[in-house]
Amino acid sequence: MCLFYGVPQSFKWRVLKVFSRRLGFKCELKTKKAESPDLGSLVFFEADRDIPFAFKRVYYTYGVKEGVIRGRHAHKALEQLLICVYGAIEITCDDGEKKEYSVLNDPSRGLYVGKGIWRTMKWLKDDSVLLVLASEYYDESDYIRDYDEFIRLVKEGYWKR
Ligand code: T46
49 MCLFYGVPQS
59 FKWRVLKVFS
69 RRLGFKCELK
79 TKKAESPDLG
89 SLVFFEADRD
99 IPFAFKRVYY
109 TYGVKEGVIR
119 GRHAHKALEQ
129 LLICVYGAIE
139 ITCDDGEKKE
149 YSVLNDPSRG
159 LYVGKGIWRT
169 MKWLKDDSVL
179 LVLASEYYDE
189 SDYIRDYDEF
199 IRLVKEGYWK
209 R
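Reading the sequence shown from the start, the letters are residues 49 to 209 in our numbering.
The structure is reproduced here in structure tokens:
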């Protein structure tokens, strides 16, 4: 049964975000994929329809060797969708109380990572490419790059306000 039948997509995402935080899991979504036997596949994400925010920035990380770990930070407000468009990358999401691990190895899947999540990205294969859709322009002041500081903010309920 679909509880959300007829409900606008942006509202569904808002509900999903609230519940996912309460229940302590992140939202992972499977994209729509158009396939044709001879031409391959095409994947698309539409702001507010397929992902719970309108993105202002796109960036990608490439030329990274297997075993390299990037990230090790959280964001005060930024929301992002992470897609491994080539290869395999393990993403660890830590909300200050528990950690979740996801292997992104399918270009048709995106991992939604909201604010207040300490993330690390471990390259499982040479030259894997991580594509990111971000809700805001780049702003270094939105980063928390010190884990003790992150835990302090979690404990004081910074993301529950
Ligand atoms: C994130 C993960 C998934 C910019 O000048 N503009 C940008 O839009 C970005 C994303 C980065 N930068 C600069 C900041 C640093 O001097 O590029 C340099 C490398 O960034 P950083 O070390 O933060 O890269 P990652 O791979 O550790 O993290 C990035 C994003 O920064 C971060 O928001 O969630 O990818």
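The C-beta atom is built at its ideal place from N, Cα and C for all residues, glycine as well.
### Among Ser156, Ala122, Pro155, the one whose alpha carbon lies nearest that of Arg200
Reading the sequence shown from its first residue, position 152 is the one you call residue 200. Nearest of Ser156, Ala122, Pro155 to Arg200, Cα basis: Ala122.
### Query
What are the partner residues of Ala122, as DSSP defines its beta bridges?
Against the sequence shown, residue 122 aligns to sequence position 74. Answer is Ile192.
### Message
Among Tyr185, Ile139, Thr109, Glu127, whose alpha-carbon lies nearest the alpha-carbon of Ser176?
### Response
Counted from its first residue, the sequence shown places residue 176 at position 128. Minimum Cα distance to Ser176 is reached at Thr109.
### Query
Closer than 6 Å: is that where the CB of Thr31 sits relative to any heavy atom of ligand 1?
In this structure the chain extends from 49 to 209, so residue 31 is not present and cannot be described.
### Message
I want to check one thing, is the minimum distance from the CB of Tyr160 to the heavy atoms of ligand 1 below 6 Å?
### Response
Working through the sequence shown from its first residue, we reach residue 160 at position 112. With a cutoff of 6 Å, Tyr160 does not count as near ligand 1, since its C-beta is closer than that to no heavy atom of the ligand.
### Message
I want to know whether the region 138-155 touches the region 96-108 - three or more CB-CB distances under 8 Å.
### Response
no
### Message
Once the 5 residues before and after Val41 are set aside, which same chain residues still bring their CB inside 6 Å of it?
### Response
The question about residue 41 has no answer, for the chain in this structure spans 49 to 209.
#### Entry: Ile139 in three-state terms, based on DSSP
Translated into positions along the sequence shown, residue 139 becomes position 91. Ile139: strand per DSSP, three-state reduction.
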